[in-house]
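Chains as they are written, first to last, in this note's numbering: chain D, 52 to 243; chain A, 52 to 243.
Where a beta carbon is used, it is the ideal one built from N, C-alpha and C, also for glycine.
Comments concern the structure below.
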DNA sequence: TATATTTCTTGTCCTGGTTCAATGCGCAGC
DNA sequence: GCTGCGCATTGAACCAGGACAAGAAATATA
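Here it is, written out as structure tokens:
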């Protein structure tokens, strides 16, 4: 159950067996069926979830009901609303499973306990967030600077697995275009 | 020279006098005139700069010369291309002073030394990056989901100082709209 | 196998925003 | 006190992508 996550963490920093035991002991295992909303906008996010199996997305909804998918997460990714998790403030996004999931979860308390006992991990988490930030920066750039078609092609290249697992209109909402227009882009690409 | 930055850091964690001395001792002070490019795309970013005085922006340029401003930074902000800084890889953005600046800078080496000597700061930096990430997430959402006018109004509310200090076309490139259209949005707002 | 529900496609019309070009404005340099 | 240049405004033509509607496929449910 813990092989994958331990591999993930030890890619960033070396841990002793004892430290790994502490880590694993603090994780809470949960199985969640698909189409479950793990976090509602307005609620406080009390988890950081590592996906051992399954697929999750988090997304925003504006006043008019318009949806924007912030992230798709599959095996070996973490999911949370960090701002809400860190500061116990109401979340401004939703988190929803798209497939049946096996998760390994930290709460704010267990995370603090973990960091207190294994301070090395502070660095791992920082690097994780940094990576996230860098990816998001370049995504913002592409969202603004490139056409729908280029965004779609870029997405396919970067995440070739995702389209096989999630519905197309979710991808549209990730790219920031309408589901209809994505369909048109696709047919145009197929004709070539 | 160090009051401001020390205040900034001690807002997040308590440091002893000795630790503060180590911290300050590792910072490199630099004055830079305006319109200086501190980092070119393709170069390796070897600094994290705290702005003691001045104004800086970082931005992307695509193949067609189209510019997107990622961030305006003024007093009490940090500027860097973290991905490039952390992994010594070529930057994919530019960093440029918009005003004469007084900077306090860390290099990858001094930062590592600092974190080794004052491990507490690992957490400060993590929280800093987390805050950045959260802001960027909601910006991406707004970029996709709201009209040019709403983005502009939101910007004014969030950063009322910036428009007094930077040219309007930079703000347009931050909002992801053309300079001409921002001008039209503004005149429309004034008529009300 | 039939039925319901969700997803995807396709067409038509519409609009927010772009592009290009012209004009005006402010201010730094000499 | 000119001159030149970067910046902001305005207008006209254009277009990428949205909204809506209707139908076709695909998938789940029974």
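Proximity test, residue i beta-carbon vs the ligand ZN heavy atom, cut-off 7 Å
i, result
"residue 164 of chain A", "No copy of the ligand ZN appears in this structure; indeed no ligand is present at all."
Span of the alpha helix (DSSP H), counted from its first residue to its last, around residue i
i, result
"residue 183 of chain A", "171-196"
"residue 73 of chain A", "68-77"
"residue 59 of chain A", "54-61"
"residue 138 of chain D", "133-138"
"residue 222 of chain A", "219-226"
"residue 212 of chain D", "Note, residue 212 of chain D: premise wrong, no alpha helix (DSSP H); not H, not E."
"residue 164 of chain A", "159-168"
Residue i: contacting residues in chain A (beta-carbon distance under 9 Å)
i, result
"residue 67 of chain D", "The contacting residues do not exist; residue 67 of chain D stays about 17 Å from chain A at best."
8 Å Cβ cut-off: residues of chain D touching residue i
i, result
"residue 22 of chain A", "Any property of residue 22 of chain A remains undetermined from this structure, which presents chain A solely from 52 to 243."
"residue 143 of chain A", "189"
Partner residues on chain A for residue i, Cβ-Cβ distance less than 7 Å
i, result
"residue 227 of chain D", "195"
"residue 137 of chain D", "181"
"residue 60 of chain D", "Ordered by position in chain A, no residue passes the 7 Å Cβ test against residue 60 of chain D, which lies about 15 Å from the chain."
"residue 232 of chain D", "Within 7 Å Cβ-Cβ: nothing; residue 232 of chain D doesn't reach chain A, min ~13 Å."
Outcome for residue i when other beta-carbon atoms lying within 10 angstroms are tallied against a minimum of 16
i, result
"residue 155 of chain A", "buried"
"residue 218 of chain D", "exposed"
"residue 237 of chain D", "exposed"
"residue 230 of chain D", "exposed"
"residue 109 of chain D", "buried"
"residue 52 of chain A", "exposed"
"residue 105 of chain D", "buried"
"residue 132 of chain D", "buried"
"residue 135 of chain D", "buried"
"residue 234 of chain D", "exposed"
"residue 148 of chain A", "buried"
"residue 114 of chain D", "exposed"
"residue 120 of chain A", "buried"
Where the beta strand (DSSP E) containing residue i begins and where it ends
i, result
"residue 148 of chain A", "145-148"
"residue 255 of chain A", "Since the first residue shown for chain A is 52 and the last is 243, residue 255 of chain A is missing from the structure and cannot be characterised."
"residue 126 of chain D", "Taken as a continuous stretch (DSSP letters only), residue 126 of chain D belongs to no beta strand (DSSP E), as it is neither H nor E."
"residue 243 of chain A", "Where residue 243 of chain A is concerned, there is no enclosing beta strand (DSSP E), given that its DSSP letter is neither H nor E."
"residue 114 of chain D", "Where residue 114 of chain D is concerned, there is no enclosing beta strand (DSSP E), given that its DSSP letter is neither H nor E."
"residue 103 of chain A", "99-104"
Contact set between residue i and chain D, taken where Cβ atoms lie within less than 9 Å
i, result
"residue 74 of chain A", "Per Cβ cutoff of 9 Å: no residues; residue 74 of chain A is ~17 Å from chain D at best."
Closer than 8 Å at the beta carbon, the chain A residues around residue i
i, result
"residue 98 of chain D", "Those within 8 Å of residue 98 of chain D in chain A number zero; the least Cβ separation is about 16 Å."
Close-in-space but distant-in-sequence residues of the same chain around residue i (CB under 7 Å, 5 per side omitted)
i, result
"residue 59 of chain A", "127"
"residue 160 of chain D", "none"
"residue 81 of chain D", "154, 156"
"residue 96 of chain A", "90, 131, 132, 135, 136, 142"
"residue 178 of chain D", "63"
Own chain, CB closer than 6 Å to residue i, minus 5 neighbours either side, in chain order
i, result
"residue 194 of chain D", "227"
"residue 150 of chain A", "85, 105, 106"
"residue 100 of chain D", "130, 154, 156"
"residue 213 of chain A", "123"
Residues near residue i by beta carbon distance below 8 Å, same chain, minus five either side
i, result
"residue 124 of chain D", "102, 106, 107, 108, 109, 130"
"residue 224 of chain A", "110, 118, 119, 120, 230"
"residue 205 of chain A", "193, 197"
Chain A contacts made by the segment 155-182 of chain D, where a contact means CB separation under 7 Å: Look at the segment 155-182 of chain D: the residues with a C-beta under 7 Å from a C-beta of chain A are 170, 173, 174, 176, 177, 180, 181.
Contacting positions in the segment 108-133 of chain D - beta carbon closer than 7 Å to chain A: Residues of the segment 108-133 of chain D with a Cβ closer than 7 Å to any Cβ of chain A, in chain order: 111, 113, 117, 119, 121, 133.
Within 8 Å of chain A by C-beta, residues of the segment 206-223 of chain D in sequence order: none
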